[in-house]
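Respectively, the protein sequence lines represent chains A and B. For the first sequence, the working numbering begins at 1 and goes up steadily by one. For the second sequence, the working numbering begins at 289 and goes up steadily by one. Cβ coordinates follow ideal geometry from the N, Cα and C atoms, glycine included.
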Amino acid sequence: MIPRSFEYLRPSTLQEAVQLLDKYEESKILAGGQSLIALMKLRLASPKYIIDITRIPGLSYVKEEGNKILIGPLTTHDTVENSPIIRNKCPILSEAASRIGDQQIRNRGTIAGTLCHADPSADVPTTFLALDGEVVAMGKDGERVIKAKDFFQDFFTTALNPNEVVKEVRVPVLPPKTGTAYIKHARREGDFAIVAVAAIITLDENNVCKSASISLGSVGPTPLRAVEVENALVGKKLTDEVIVAASELADRGISPPSDIHGSAEYRAEMAKVFTKRAIRLALSRIGG
Amino acid sequence: MTEALLSKEIPVPRKWVGTPIKAKEFPRLITGQGRYVDDIKIPNMLYAALLRSPYAHAKIKRIDTSKAEKLPGVVAIVTQEDVLKYCKPYPQIVPPPADKLLDYCIAVDKVRFAGEPVAAVAATERAIAEDACELIEVEYEPLPPVMDAEEALKPDAPLVHEEVGTNLVWHEVFDYGDVDKAFAEADKVISLKLHHHRYGGAPTETHAVVADYDKGTGVLTIYCNNQMPMFCMALIGLSFNMPTDKIRIITPDIGGGFGSKILSYTYMMLISILAMKAGRPVKWMEDRRENLASGTHCNEATFYVEAAVKKDGTILGIKAKTLHDVGAYLRYEPVGALLWIQVSSGPYRFKNLRMDVNAIVTNKGPVAPIRGYGRIQHLWMLERTVEQVARQLGLDPIEVKLKNYVRPEEMPYVSPSGATYDSGDYPTALKKALQMINYDEWRRKQPELWRQGRFVGIGAALFQDSGTNNFAQVRLIYKNNPFSGNSRMAEMWMDEFGRIIVAVGSNPHGQCHETVVSQVVADVFGVTPDDVFVVPGFDSWVHGWTGHSGSYASQFAVSGIGAVLGAAKRLREKIATIAAHMLKAKPEDLEFKEGKVCVKGTDRCVAFWQVANLAYRNNLELPEGVEPGLRVIYTWKAPFKLPDLEKKTVNATLTYSYQAHACVVEVDPETGKVKILDYAVVDDCGVPINPHIVEGQVHGSTMNGIAAALFEEYVYSKDTGQLLASTFMDYLFPTALEIPDIKVDHMISPSPFTELGTKGVGEGSLVPLGSIAGAIEDALSPLGVVITDSHNPPERIYRMIKEAQKKRK
């Protein structure tokens, strides 16, 4: 349980980190290390170069700008969970962060780290997709913004180029009359989800569903938007019949994996159950 | 048989026995000052890593270590060739043909489970040793694995051990009472197929060894955390080409065992060979994946059960065919397949029992004597059977249990297999546990909850925790096995300055023996526990030991304390003799109090240090014929008899603690997830020496049982033979968030067979396996779901619900 040997590099700026990424193939950014170190100890990942960005100043922050919340890449899950801005303006992200692993992991793990690791059963990626969040990527040739729907490409694979780092994570300030819920089905509290659902529901002044964003975790190679469920909600009064009927569509377009905690078939059924529960919970949280 | 033990020579006033003092061990263990094997550093020491088989079943065609040897820092590599030079195969306790089974501390010619050691490397750093393992080339010829006990019995099944010629390594039929008559007289016969799953102990500290071979003296010192090393000495002694007097075993603090640490003798030998080959001391710390993959699993068992019953729920008799999947090697087996004999009718009073017992090898990891060893499987089977009897007769399972329990007035009760249940009141304990969860209230509310679609159920079970085993029971496996009884050795002395020191060397790994020994000794000498020093750890050159020594089988409060009491009385007698001479009084007129020996009813006293000074430094003033010094050894022997090999009966255990558990669970019908709403335990372990420590054991075994029932399972791939629950991400050790508050209450039924009325406590027999299965079945009773597996994860329950709903439509 000791990693294979590697070179340890410690840049002092993000630009320098990008240069190192560009210079060395088989290099990997070390942020919170909560997934990477475990993989290295199991020798499932053996990067030749570790680029430790944890000492770069100014990469941990949460601030509101216009209708967006800007989050520094090294912001820990614990900070995300407890940030008053996120709690008030985008509570679902705080809720998702609170469900990650345990307190020790939340003290170390970072928001950009979990997004870049792109585990389809992790808590933040699923929520980030429902939020239509954005990642600001920084490379040798400058910066670009990647939308959540384009960011996750496959199991543990993102749209980042090998020589790009995440400079910032952005999520929207949620509009009024919005309710959100992130729930997951897991054997133990801190486990990766068997199925996870992030639901964001906004009603109009007549309490008709104005927008619905439902994202499912652990049912495919990336977090997936349950588009058919969303379509079945928008424009309707969300009676329980509507919610139940919409949730029945949650297994459309998913390709769940099978493991010892849940077969593909079971996950498909749980996707429906937890979609229904997440929508109900989100709806119940919409204030006056 | 009990009279001899009930010695009344020195009445022991009970000031400290029964008092919940804080454990002496806690401050050092909790503040990180414990000393474990990994804390041992010897100059020039190397670090080892093991290369393990990626296959469940394969021939080893070739092992090439040349690249690994060239890696800078690598000092020695051990493979099968070296092991064959140093070792004979381990002796087996089974009758022919399985006695031919070849087992070594490393895979020889063939690998038989995924994770079996194939090579061991010693290097100057652990990281280098791990790198070197990757450079060892092993050419395997994969063979089809056999991953199921029933499959293994088929004529065309792959053989795990060709030298045996069959995968059935032990078969025996035990027939008690008149089973045929019971079935002829039955109103109804209930049949069930049940499966008890594989889970384990998962101790905080994994296996660990430091081996140090001293060429000059030829002495091999093994520092390890084996919980029963001197029993293992027989295996080591018979397998190693090395005189046992030159083998010294030391155990420091041990971080949990749960029975898994009995099997580490294979590692003790493998690392010793590495140290001898390297000519330097070697340390090996097992990592968690290795620990999960090998030697920490409990016996997996399949049961075909039939119960003959009367309409009123009276059980007349039970027939059971059991198939124990013991994994790739026997190691401690087939004892686990036999140990039901300690609790043959469980807490019940039926007299007719036929057990058709089969131990079967497969390509899974070898099993270990895990907490509740061999009894849990059987007790869980009985509990499931009795509950199904009730349900199929339309009776309340709890009423049926109470009806069939052994009555308190029948104690001591001789079970069908000849085991004597010493004391207890099972019906009262169960009723008490039910009261603690407000049973009547839940039963009243239950129909309304069902109408609301809430599946809430109540379960209750009582398991015995049989303690202090009679080793003679293994003669029922093979009559030639040369062991029997049980014993413990204790040494005690008063030093020249009047201090009392005790050495029991019991290899505790969380049981707080230092505390309970000092409580017992304090009462004998009229001092406080702080005045008694119990030597921590074990050293085979320092501590007296027998082949039964160690910490296992819920027994220290009986056997260990038996030895301590024997030694204490011996020492007290000698002190009294000398003090009587000094005080010019009769020994029987003396009393021990506050560090002094006094003539009763007077103020004529001598202090311990004065007596001790006379005994050692001033010995010309000793009375005629009294040997100087105040140091005694006592070997306690359990009052057992040899088994009746004809009837196959044996008094297999001396004491029977028991726990009654009651719980309320709610099953989520949409997901199959079980939530525990309330949990209560009533524990009776006779006279508790330290109720605080007993409570810890009760909590621990309850948590262990909840974990087994709902979270922990060693799942294997049936096709590839790979262990799928190979890390703590998939082997779901529960956290505090998964375990409910546990209400605990106690009853005290002193054992008539032990001096202080104590019984062993520790295993607790994982009663939640019974109570939770019963509660789930009760919750889902409107659907008629039958729980047949001891492990019930959400998807399994979900499928049962869906199946039942489909049938109802």
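Open item on the list: With a threshold of 7 angstroms on Cβ separation, who are the neighbours of B:L456 within its own chain once the five nearest residues in sequence on each side are excluded?
Closed with: Excluding residues within five positions, the ones whose Cβ falls inside 7 angstroms are L441, N646, I648.
Task: CB contact flag (B:V970, B:A997, <8 angstroms) - done: Judged by beta-carbon spacing, B:A997 lies beyond the 8 angstroms limit of B:V970, meaning their Cβ atoms are not closer than that value.
Task: Interface positions of the segment 57–76 of chain A facing chain B (Cβ-Cβ less than 7 angstroms), listed along the chain - done: From the segment 57–76 of chain A, no residue has a Cβ closer than 7 angstroms to chain B.
Open item on the list: Any beta carbon from chain A within less than 8 angstroms of B:P405's own beta carbon?
Closed with: Not one chain A Cβ lies under 8 angstroms of B:P405.
Open item on the list: Can you look up A:E275 in the DSSP assignment and give me helix, strand or coil?
Closed with: It is worth fixing the name first, because residue 275 of chain A is Thr in this sequence and not Glu. Three-state result, A:T275: helix.
Open item on the list: Tell me the DSSP secondary structure of B:V952 in three-state form.
Closed with: Three-state result, B:V952: strand.
- [ ] Would you check if the distance between the CB atom of A:L233 and the CB atom of A:A250 is smaller than 8 angstroms?
- [x] Result no, Cβ atoms of A:L233 and A:A250 do not sit closer than 8 angstroms.
- [ ] Excluding the 5 residues preceding and the 5 following B:A810 in the sequence, name in chain order all residues of the same chain whose CB lies nearer than 6 angstroms to its CB.
- [x] Taken in chain order, the residues that qualify are W304, T816, P817, V820.
TODO: With DSSP collapsed to three states, give me the class of B:P405.
DONE: Taken through DSSP and simplified to helix, strand or coil, B:P405 comes out as strand.
- [ ] Compile a chain-ordered list of the residues in the segment 999–1010 of chain B whose CB is closer than 7 angstroms to at least one CB of chain A.
- [x] Result list: F999, V1003.
Open item on the list: Measuring only the C-alpha atoms, how far is B:S703 from A:L281?
Closed with: Approximately 56 angstroms, taken between the alpha carbons.
TODO: Check whether the Cβ atoms of B:E594 and B:V477 sit closer than 8 angstroms, and answer yes or no.
DONE: A contact, by the Cβ cut-off of 8 angstroms.
TODO: Report yes or no: do the segment 400–411 of chain B and the segment 352–364 of chain B share at least 3 C-beta pairs separated by less than 8 angstroms?
DONE: Short answer: they touch.
Open item on the list: Here's the rule: buried if 16 or more other CB atoms are within 10 angstroms of the residue's CB, otherwise exposed. What is B:I318?
Closed with: So B:I318 ends up on the exposed side.
TODO: Please report how far the alpha carbon of B:G545 lies from the alpha carbon of B:K881, in whole angstroms.
DONE: Those two C-alpha atoms are separated by around 38 angstroms.
TODO: Compute the beta-carbon to beta-carbon distance between A:S215 and A:L224, rounded to the nearest angstrom, for a pair I have assumed lies under 8 angstroms.
DONE: Contact holds; Cβ gap of about 7 angstroms.
- [ ] Could you check how far apart the C-beta atoms of B:V371 and B:R568 are, in whole angstroms? I think they sit under 8 angstroms.
- [x] Incorrect: roughly 19 angstroms between the Cβ atoms, too far for contact.
Task: Best match in A:D141, A:A96, A:R106 for proximity to A:T127 [C-alpha to C-alpha] - done: Taking only the C-alpha atoms, the option nearest A:T127 is A:A96.
- [ ] Indicate whether at least one CB of chain A lies closer than 8 angstroms to the CB of B:R414.
- [x] At a cut-off of 8 angstroms between beta-carbon atoms, B:R414 makes contact with chain A.
Task: Element boundaries [alpha helix (DSSP H), containing B:K767] - done: Taken as a continuous stretch (DSSP letters only), B:K767 belongs to no alpha helix (DSSP H), as it is neither H nor E.
Task: Residue closest to B:Y620, alpha-carbon to alpha-carbon, out of B:L690, B:K599, B:P379 - done: Answer by Cα proximity: B:P379.
Open item on the list: Let me see if you follow: with CB-CB separation under 8 angstroms, is A:G262 close to chain B or not?
Closed with: Residue-level contact by beta carbon holds for A:G262 and chain B, with a gap shorter than 8 angstroms.
Open item on the list: Is any non-hydrogen atom of the ligand NAP found closer than 7 angstroms to the C-beta of B:G601, if you look at the structure I gave you?
Closed with: For the structure depicted, the ligand NAP is absent and the ligand set is empty, with no information on it obtainable.
Task: Reduced DSSP secondary structure (H/G/I, E/B, other) of B:W738 - done: Helix.
- [ ] Just grab the DSSP bridge partners of B:F528 for me.
- [x] B:C375.
Open item on the list: I want to know whether the segment 822–834 of chain B touches the segment 537–552 of chain B - three or more CB-CB distances under 8 angstroms.
Closed with: Contact holds: three or more Cβ-Cβ distances are below 8 angstroms.
TODO: Below 7 angstroms CB to CB, which residues in the same chain sit around A:P162 once its five sequence neighbours on both sides are set aside?
DONE: Correct list, in chain order: L21.
TODO: Below 8 angstroms CB to CB, which residues in the same chain sit around B:H980 once its five sequence neighbours on both sides are set aside?
DONE: Contacts found: P308, I309, K310, A311.
Task: Proximity winner among B:G361, B:P385, B:E439, B:D326, relative to B:Y766 (alpha-carbon distances) - done: In terms of Cα proximity to B:Y766, the closest of B:G361, B:P385, B:E439, B:D326 is B:P385.
TODO: Rank B:E697, B:H485, B:Y714 by C-alpha distance to the C-alpha of B:E687 and give the top, closest one.
DONE: The shortest Cα separation from B:E687 among B:E697, B:H485, B:Y714 belongs to B:Y714.
Open item on the list: Using a Cβ-Cβ distance cut-off of 8 angstroms, determine whether A:I2 contacts chain B.
Closed with: For A:I2, the answer is yes, since a Cβ of chain B falls inside 8 angstroms of its Cβ.
Task: Neighbour list for A:E189 in chain B, Cβ cutoff strictly below 9 angstroms - done: Residues of chain B passing the Cβ test: T1023, L1025, E1026.
- [ ] Spatial neighbours of B:G814 within its chain, please: CB distance less than 6 angstroms, with the 5 preceding and 5 following residues excluded, ordered by chain position.
- [x] Cβ neighbours of B:G814 beyond the five flanking positions: F880, K881.
TODO: Return yes when the Cβ of B:M516 is within less than 8 angstroms of the Cβ of B:I550, no when it is not.
DONE: Going by beta carbons, B:I550 and B:M516 fall inside the 8 angstroms limit.
Task: Cα-Cα separation between A:N231 and B:D956, rounded to whole angstroms - done: If I take the Cα positions, the gap works out to 29 angstroms.
- [ ] State the DSSP-derived secondary structure class of B:M289, mapped to helix, strand or coil.
- [x] Only weak support is given to the placement of B:M289: the predicted model assigns it a pLDDT of 29, under 50, and the question is left unresolved by the model.
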